[in-house]
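Undergrad:
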Amino acid sequence: MSQRTMVVDLDRCIGCKSCEVACKQENGVVLGCTWNKVLTVGPTGTYPNIQMYYLPTMCQECKDAACVKVCPTGASYKSEDGTVLVDKEKCIGCRYCMMACPYGVRTFNEETKVVEKCTLCTQLQAVGEQTACVKNCPAGCRFVGDIDDPNSDVAKVIQKAGSDSVHALPDVGNRPSVRYILHSKIATWKE
Amino acid sequence: MKQLVLNRRQFLKATAITGIAASFSGSLKGLMQGEAAGAPAKTAATKIIRTCCRGCIGKCGILAHVKDGRLIKLEGDPDQPMTRGKVCAKGLAGIQALYNPNRNKYPMVRVGARGENKWKRVSWEEAIDTIAGKLMEIREKYGAEQVLCTTGGGGNPEFGSVRRFASVFGTPNWFEPGAQQCYMPRTVCYNMIYGNTDMKYQTTSIADSEGHEIYFYDDTPMKTLVIWGSCPANNSPSQGGRAVVELRARGVQTVVVDPRFTADAAKADVWLPIRPGTDVALELCWIRYIIEHKLYDEEFVMKWSNLPFLVNTQTKMCLRESDIMPGGDSNTYVVLDRKTQSAKPLPYPWDDSLDPELFGTFMVNGVECKTGFQLYKERCEPFTLEKAAEICWLDAVMIEKAIKIYAQGPGGLCLGVATDQHPQSAQAAMAACALDLMMGYVQKPGALLQNFGDVKFGDSAVSPLYKLLPAEQFRKRLGGAEYKGANSWGSCHNPTVLQAIKTGEPYPLRAWLERSGNKLAVLGNASSWIEALEKMEFIVHMYMYPTSFSAYADVLLPVQEWLESDYVVPPLNMLFVRQAVTHTYETMNETVIWAKIAKRCGELGHQACKDSFDPAKTAPEQPYWNSMEEFLDYNCKLKLGMTFKELAEKVPYEAMPIDKWRKYYTYKEIDPKTGKPKGFGRPSKKVEIYGEAFITLARTGAPYAPYPLPPASKDYDPLPYFVEPHESPLEGSELAQKFPLVMTNGRLPYFHHGTLRNVPWLREIYPVPEIWIHPKAAAKYGVSQGDWVNVESQRGKIKAKAWVTEGINPGVVYMERFWTPETLNTDTHGWKEVNVNVLSKNDAPFNDVIGTYTLRGYLVKVSKADGPPKGVWLKPEEFKKWLPEPSDPTPLKDKEV
Amino acid sequence: MSIQWPLVFFTLFVGLGCGTFVSAAILTEWCGKAKQIRTISSILAIVALGIGGMSSTLHLGHPERMFGALGHPTSGIFMESTMIFLVGLTILIYLLALRRNASDATCKIIATVGAVLAVVLAFVNGDAYVMASIPAWNTWILPIFYVSSAAVMGCFSTGVLLARTEDADTTALITIKRAALIAIAIQTVLLIAYIGHIAVAPYPDVTRSVARVLAGNLALLFWGGLVLLGLLVPTVLMTKFYTKNAESVSPLTSVKLGLLSVLAAGVAFRVMMFLLGSSIKQFF
Ligand SMILES: Nc1nc2c(c(=O)[nH]1)N[C@H]1C(S)=C(S)[C@@H](COP(=O)(O)OP(=O)(O)OC[C@H]3O[C@@H](n4cnc5c(=O)[nH]c(N)nc54)[C@H](O)[C@@H]3O)O[C@H]1N2
Ligand SMILES: Nc1nc2c(c(=O)[nH]1)N[C@H]1C(S)=C(S)[C@@H](COP(=O)(O)OP(=O)(O)OC[C@H]3O[C@@H](n4cnc5c(=O)[nH]c(N)nc54)[C@H](O)[C@@H]3O)O[C@H]1N2
Ligand code: SF4
Ligand code: SF4
Ligand code: SF4
Ligand code: SF4
Ligand code: SF4
Ligand SMILES: [Mo]
């Protein structure tokens with residue numbers, strides 16, 4: 001099995017949002033739509049004893065993708081390498097996938113009337129290039145690869161981080177594959 | 001233009017890109033208009049052009065993808081050693097700035113009333129004629145000094161252009177809204193204390209692409225980094241911000257001194273949320289602690305600083321050998337020898353037979369003398385941990401923890417622009433420089449403060465041509481004699497200019513040539529300038545798009561975006577180039593515009609302007625040029641023996657081998673001429689932590705003024721001192737009853753100064769300015785998360801959106817500069833709604849050395865507002881009007897003329 | 001989640017259609033009362049289903065690609081459309097049978113099949129929203145509530161049909177009144193259960209908290225829309241309707257008002273459902 005996915009090192013992320021613009025530019029994401037958004041978690045605590053980290057969010061490339069399950073047309077599908085994609089030609093714009101996604105990381109394009117999401121820049125990966133957000137991210141905190149392959153970049157950074165510092169978003173049966181690295185020295189992971 | 005040779009993978013890349021381009025639908029829709037569906041597919045492959053960003057003052061390397069002459073994509077250049085392929089949001093958004101429908105496209109002259117926004121397109125020739133004619137008229141009738149030239153601070157591709165034009169035309173009056181408020185306080189103080197270096201300026205400002213040691217994160221022994229009033233994550237995400245991330249990942253401990261919990265503060269080992277404007281108190285406390293606990297580098301301060309030198313407490317000048325013995329050398333300083341308990345001259349570099357005292361008060365020939373270090377110690381005496389904690393609203397325990405981290409170096413104190421923006425600017429820089437030097441954090445591996453090599457392409461290749469500015473004109477510089485530190489850059493003092501315009505004293509100013517973004521968004525107390533603008537007889541604005549300032553102008557000139565311009569960019573030991581990837585409409589590089597104006601003035605009979613084109617008259621400096629090519633080729637041939645185009649072909653070009661460039665301990669290198677160590681670039685060849693030279697500066701203008709100046713109203717203090725901010729929030733302050741909160745500012749990673757507010761991708765991320773406010777303060781003033789609030793100071797009132805956060809001191813609020821291009825054509829001209837500079841302060845007190853006014857650390861109040869300001873866009877869809885409008889490349893005008 | 005109006009009306013009208021058909025079928029075919037409303041109630045049901053179905057296509061970005069759903073019979077949309085189609089078809093057959101004066105047994109069988117399918121449809125209608133990603137929806141109470149809501153609406157629409165027939169059978173009225181009151185009682189229980197579900201649902205968040213429903217910015221919708229219009233007003237009106245206390249309000253008016261009231265409550269419930277429908281994390 002292979003599962004292409006993203007790993008983000010939150011110890012590094014500086015919240016600059018370069019990845020947001022990189023994604024828009026590469027994928028022509030229209031105004032008002034988002035495939036990738038950086039959130040600020042916190043500050044939590046009481047001044048001046050506080051914590052904060054940035055959380056880049058995008059499709060979590062679920063192993064049991066809820067969006068795929070509910071899609072009435074098969075427009076949402078899981079490709080061979082595990083990437084969850086939307087076939088824009090098949091999408092009827094019913095937005096059930098948006099309801100089914102536990103994280104709200106799909107977006108409805110009002111111009112084309114179809115649902116879109118992070119594609120892990122398949123068009124770039126197909127020609128051996130890194131995704132736009134990985135390439136340009138100033139802090140070098142994003143990694144894309146096959147998490148089931150122990151020799152991939154993503155598997156290695158996770159290995160190096162140590163399991164206590166590797167986090168995932170809440171799983172309600174969809175089995176998200178994206179992983180976040182955050183050491184408690186920087187901040188405590190908030191569920 | 002260099003086109004990379006496509007290898008197989010890149011060929012694939014090019015075809016893939018073609019595919020994506022064709023499928024662009026929304027945001028870049030306009031770009032693809034030439035390729036309407038069904039049109040035969042164009043076969044042209046995508047060219048990848050290596051260039052450099054100038055979306056801010058960084059130097060990031062860029063690969064621009066161009067198809068059929070149109071830019072379709074930007075990404076990082078992995079070979080640029082400071083950025084390694086990384087690009088920030090502003091840089092990537094360059095494509096939307098370049099093709100923005102709001103671009104100034106042609107030279108225009110005003111036809112309606114000022115501010116009515118009625119313009120007529122004219123030719124470049126006509127525009128230049130009009131400008132030169134008007135300038136010459138004012139010069140003849142009133143004098144050249146009545147012409148004011150201004151430029152922008154960060155991001156100006158050719159900062160020196162304005163200065164050179166001013167010299168040539170004969171006016172001493174040019175300024176930039178940063179300068180006294182940015183970098184100048186630091187460059188002057190580091191230069192006066194640490195000394196001249198190979199590169200023109202050596203400070204520790206990561207934002208200004210300095211502190212180069214951080215880019216060697218793989219092998220630097222750096223252990224600690226203090227980030228003081230700076231935030232690399234915001235000021236240069238893909239350059240210094242990136243390097244700081246790498247350092248942290250390798251275990252470098254960081255301390256952040258910042259009133260706000262910034263990205264860098266959130267990841268720091270210690271965060272000191274200082275009260276704005278009180279930095280010097282905290283610095284003096286650090287120095288006191290370091291002296292008290294003997295944490296300083298004793299060997300270094302003893303042998304390489306002037307701290308053991310005896311200072312006459314009456315004159316405050318260091319004793320010279322000539323002061324204690326007849327016929328003594330006036331360049332040899334005097335120490336108190338512990339063994340003999342007597343004053344002894346200390347020959348350079350050192351005398352092993354002497355055992356100088358570092359501290360103490362002594363009588364020398366009946367005169368009371370103290371060592372420099374003793375004077376420092378006394379100056380710091382009141383600033384105990386507890387005292388500093390009280391003044392700065394900090395916790396003494398945390399201050400101590402921070403100092404201990406700092407002392408575990410090697411490392412350094414990166415001083416940002418924050419302290420440059422209140423009247424203690426010079427003092428804060430003096431103390432910061434003193435701290436690193438006392439700790440011996442200089443020129444050693446792991447230190448921030450270095451003297452790495454110079455690749456001879458500094459940030460301004462346009463030389464000032466001061467020699468064409470007559471002495472009597474130089475002496476007319478407004479504020480020049482009082483704030484003599486500013487002579488190091490040569491700019492005048494803008495509050496003094498404002499007074500001159502308003503009162504006509506000592507003379508009025510009549511014409512204003514401005515090149516930069518939006519002066520009304522970046523100058524302190526923006527509203528105070530309106531009367532001045534209205535009094536002006538003639539105003540020219542040259543920029544990429546109209547801004548609030550344009551509304552008051554008579555002529556608008558279209559200048560180039562960075563993607564249209566050429567320049568040599570020097571990261572570390574390498575040279576890269578920024579090169580035009582396309583050209584739109586009739587935009588021109590301002591480096592040429594100024595030359596054209598000078599040329600026309602020469603034709604109209606201005607002798608210096610004529611001379612400025614004559615190599616014999618300008619030697620050793622470059623004569624004026626007729627095109628960018630001429631300008632760049634002159635410099636490239638002189639310094640590299642090749643043309644700009646040839647250099648562009650060779651990028652990445654190694655200007656100096658890295659081991660020769662990255663050199664440590666240069667002060668210990670033996671000077672073959674003297675057989676002694678080279679020392680530091682000060683008269684004493686030692687670091688002059690005791691700032692004797694500040695006294696001379698106040699009296700004569702040396703070392704910066706080209707001609708001696710009358711003394712300033714009072715001597716500058718050779719040591720840093722603390723004064724409470726003029727608008728104080730402390731108990732007993734009457735003003736604080738009405739305006740209880742301290743306002744400060746700081747960069748956002750998505751905008752550069754007043755720019756990019758017309759870029760949909762960025763306004764979508766951050767449509768309107770937020771005001772950071774602590775929950776307690778918010779509750780007190782009836783404000784909740786996301787509310788629109790009124791923010792008011794003594795000078796004006798604006799609105800902002802509340803960001804209620806624990807990440808700021810309860811007594812402090814924060815905003816960043818903003819204006820709204822969407823309301824440009826309304827009564828507000830876009831600068832009144834949400835512009836924090838409506839609130840800031842540009843009157844006295846000014847910094848004594850530099851003339852700095854108050855952009856941070858003044859008082860405001862907040863209250864809940866009824867809603868957003870009229871006409872301001874908030875929703876992503878509203879920014880559609882600014883989506884890229886394609887234009888085919890047009891021939892470069894300046895090459896034709 | 002923002003209110004998806006087309007879906008609100010889709011499920012409202014489907015509920016109305018199902019409810020009407022089921023209550024009329026039980027009343028006429030099973031209890032053998034008020035047989036004269038068989039045709040009109042079936043037409044009403046089919047019209048309601050049609051409006052509902054049309055409303056749902058307004059929700060689609062590309063209704064023309066709808067046939068793509070045929071290949072994925074397990075999806076909620078497929079099931080809903082199939083069920084609407086089946087219920088509609090059965091009602092049509094039923095109408096045809098009535099028209100052709102088919103035997104009572106035939107009519108009863110067809111009506112029964114239709115009624116069972118309609119109950120399933122009402123259930124499926126709600127079940128489509130039961131998903132792990134949206135804690136406030138992730139409960140069996142939701143589809144059951146859709147069924148009970150359909151029942152309440154059905155009782156009132158049947159009540160209206162009865163009240164407007166010339167010589168309405170009083171026993172039919174009593175039956176429908178009893179049915180309505182029972183349905184309202186069940187609805188009350190379900191509503192309380194649903195609030196209970198919200199209280200204990202995992203991944204608590206302010207957007208879907210009990211406090212928001214009972215005392216926050218949904219309180220008006222809850223107390224006014226669901227409790228007042230959905231439970232109290234129809235109960236009162238139905239009671240009045242039964243006692244035929246026609247002095248101030250005629251039975252027809254009161255039952256019509258009742259129908260409007262439960263329809264409004266049906267909208268209110270669906271609106272509240274969307275307003276509570278935040279995902280576990282709502283990032284964009
Ligand atoms: N309240 C408050 N006020 C402040 C500050 C603050 O922190 N708070 N900061 C101060 C500081 S530090 C500074 S430096 C000033 C800066 O404020 P300004 O002087 O207004 O800054 P600019 O240099 O005009 O802004 C940089 C511009 O140069 C443009 N540029 C880049 N390339 C080219 C080119 O080829 N041609 C032309 N014509 N332009 C180009 C950039 O795109 C950008 O538009 O603001 C100061 N004002
Ligand atoms: N994105 C972006 N990058 C830029 C620029 C830009 O406009 N946008 N401008 C460029 C220019 S010209 C400059 S000068 C640099 C400046 O870059 P920096 O030196 O990083 O300057 P700022 O971010 O303005 O201020 C740094 C920090 O000082 C804090 N601060 C505010 N008041 C005080 C105070 O009184 N004391 C202390 N210790 N800290 C305080 C602020 O909260 C802020 O986080 O950035 C450059 N880079
Ligand atoms: S570009 Fe990288 S550092 Fe910046 S916000 Fe995105 S993930 Fe974080
Ligand atoms: S995160 Fe959401 S969109 Fe992505 S695979 Fe999982 S369910 Fe689907
Ligand atoms: S909106 Fe498109 S992708 Fe999503 S469920 Fe409906 S058909 Fe599938
Ligand atoms: S991988 Fe590509 S599509 Fe996904 S967030 Fe990054 S840039 Fe966007
Ligand atoms: S930091 Fe950003 S805007 Fe500044 S030069 Fe680099 S890429 Fe351009
Ligand atoms: Mo600056």
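Residue numbers (UniProt numbering), protein chains in the order written: chain A, 1 to 191; chain B, 1 to 897; chain C, 1 to 284.
Quick reminder that beta carbons are idealized off the backbone N, C-alpha and C, glycines included.
Here the structure is a predicted model, which means the values were calculated and not measured.
#1: Please classify B/D337: does DSSP put it in a helix, a strand, or coil?
#2: According to the Cβ coordinates, are C/S157 and C/T20 closer than 8 Å?
#3: Counting C-beta neighbours from all protein chains within 10 Å, is the total for B/P345 16 or more, i.e. buried, or is it exposed?
#4: Is any heavy atom in ligand 7 found nearer than 7 Å to the beta carbon of A/C133?
#5: Could you check whether the Cβ of B/F751 sits closer than 7 Å to any heavy atom belonging to ligand 2?
#6: Could you tell me the boundaries of the alpha helix (DSSP H) in which B/A802 lies?
#7: Under the rule that 16 or more other beta-carbon atoms within 10 Å means buried, what is B/H293, buried or exposed?
#8: Can you confirm whether the segment 680-694 of chain B touches the segment 182-200 of chain B when touching is taken to mean that 3 or more C-beta pairs between the two stretches lie within less than 8 Å?
#9: Excluding five sequence neighbours on each side, which residues of the same chain lie with their C-beta closer than 7 Å to the C-beta of B/S684?
#10: With 8 Å as the C-beta to C-beta threshold (strictly closer), list the residues of the segment 174-197 of chain C near chain A in chain order.
#11: Within 8 Å (strictly less), CB to CB, does C/S209 reach chain A?
#12: Per DSSP, what are the beta-bridge partners of B/K861 in this structure?
#13: If you run the structure through DSSP and keep just helix, strand and coil, what is B/L572?
#14: How big is the Cα-Cα spacing for B/P101 and C/L190?
#15: Report all residues from its chain with a CB closer than 6 Å to the CB of B/A865; omit the five preceding and five following residues, and keep chain order.
#16: Buried or exposed for B/Q427, going by 16 or more other Cβ atoms inside 10 Å?
#17: For a test of your reading of the model: does the CB of A/T83 fall under 7 Å from any non-hydrogen atom of ligand 1? Yes or no.
#18: Using a Cβ cut-off of 9 Å, pull out every chain C residue sitting near A/C91, in sequence order please.
#19: Report the rounded CA-to-CA distance for B/L385 versus B/C182, giving the unit in angstroms.
#20: Could you spell out where the alpha helix (DSSP H) holding B/I72 opens and where it closes?
#21: From the DSSP output, read off the bridge partner residues of B/N312.
#22: Any beta-carbon of chain A closer than 8 Å to the one on C/A132?
#23: For A/C67, verify whether its CB is less than 7 Å away from any heavy atom of ligand 4.
#24: Cβ closer than 7 Å: which chain B residues qualify as neighbours of A/N136?
#25: Between C/S279 and chain A, is there a C-beta pair that is closer than 8 Å?
#26: In chain A, what lies closer than 9 Å to B/P506 by C-beta?
#27: Could you tell me if the beta carbon of C/T74 falls within a distance shorter than 7 Å of some heavy atom in ligand 5?
#28: If B/L735 sits next to B/L859, beta carbons under 8 Å apart, how far is it from one beta carbon to the other, in whole angstroms?
#29: Say the cut is 7 Å; is the CB of B/P237 nearer than that to a heavy atom of ligand 7?
#30: Say yes only if the C-beta of B/W594 is nearer than 7 Å to one or more non-hydrogen atoms of ligand 1, and no if none qualify.
#31: Go through the segment 160-198 of chain C residue by residue and report every complete run of the alpha helix (DSSP H) that reaches 4 residues or more, in order.
#32: Any idea if C/V206 is buried or exposed, counting beta-carbon neighbours within 10 angstroms, 16 or more meaning buried?
#33: Going by alpha carbons, who is nearest to B/T46 out of B/E299, B/I62, B/R54, B/D68?
TA: Checking against the coordinates, here is how it stands:
#1: In the structure shown, B/D337 sits in a strand (DSSP, three-state: E or B).
#2: Less than 8 Å divides the Cβ of C/S157 from the Cβ of C/T20.
#3: With 16 or more other Cβ atoms from the protein chains shown falling within 10 Å of its own Cβ, B/P345 counts as buried.
#4: Result no, Cβ not under 7 Å from ligand 7.
#5: For ligand 2, a non-hydrogen atom lies closer than 7 Å to the CB of B/F751.
#6: That residue, B/A802, is in no alpha helix (DSSP H); its beta strand (DSSP E) goes 796-804.
#7: Exposed is the call here.
#8: In short, these stretches touch, since the Cβ pair count reaches three.
#9: These residues qualify, in order along the chain: N306, Y333.
#10: So nothing in the stretch comes that close.
#11: C/S209 does not count as touching chain A.
#12: As a beta-bridge residue in DSSP terms, B/K861 pairs with B/E792.
#13: Looking at B/L572 - three-state DSSP - the assignment turns out to be coil, as it is neither helix nor strand.
#14: In a straight line, the C-alpha of B/P101 is about 57 Å away from that of C/L190.
#15: Within the same chain, B/A865 has close Cβ partners W788, V789, N790, K799.
#16: Here B/Q427 is buried. Its C-beta has 16 or more other C-beta atoms within 10 Å.
#17: Outside the cutoff, so no.
#18: Scanning chain C for C-beta atoms nearer than 9 Å to the C-beta of A/C91 yields G61, H62, R65, G68, reported in chain order.
#19: Taking the straight line joining both Cα atoms gives about 29 Å.
#20: Careful: B/I72 lies outside any alpha helix (DSSP H), inside the beta strand (DSSP E) at 70-76.
#21: Note: B/N312 sits in a beta bridge opposite B/C369.
#22: A Cβ of chain A is located within less than 8 Å of the beta carbon of C/A132.
#23: True, at least one ligand heavy atom lies under 7 Å from that Cβ.
#24: Here the neighbours are E75, G76, K86, V87, L92.
#25: Yes, C/S279 counts as interfacial toward chain A.
#26: Result: empty, since nearest Cβ-Cβ is about 47 Å, beyond 9 Å.
#27: Answer for C/T74: no, Cβ out of range of ligand 5.
#28: Rounded to the nearest angstrom, the Cβ distance from B/L735 to B/L859 is 6 Å, consistent with a contact under 8 Å.
#29: Under cutoff, so the answer is yes.
#30: The answer is no for B/W594.
#31: Runs of the alpha helix (DSSP H) inside the segment 160-198 of chain C: none found.
#32: By the Cβ neighbour-count rule, C/V206 is exposed, with fewer than 16 other Cβ atoms within 10 Å of its own.
#33: That would be B/D68, whose Cα lies nearest to the Cα of B/T46.
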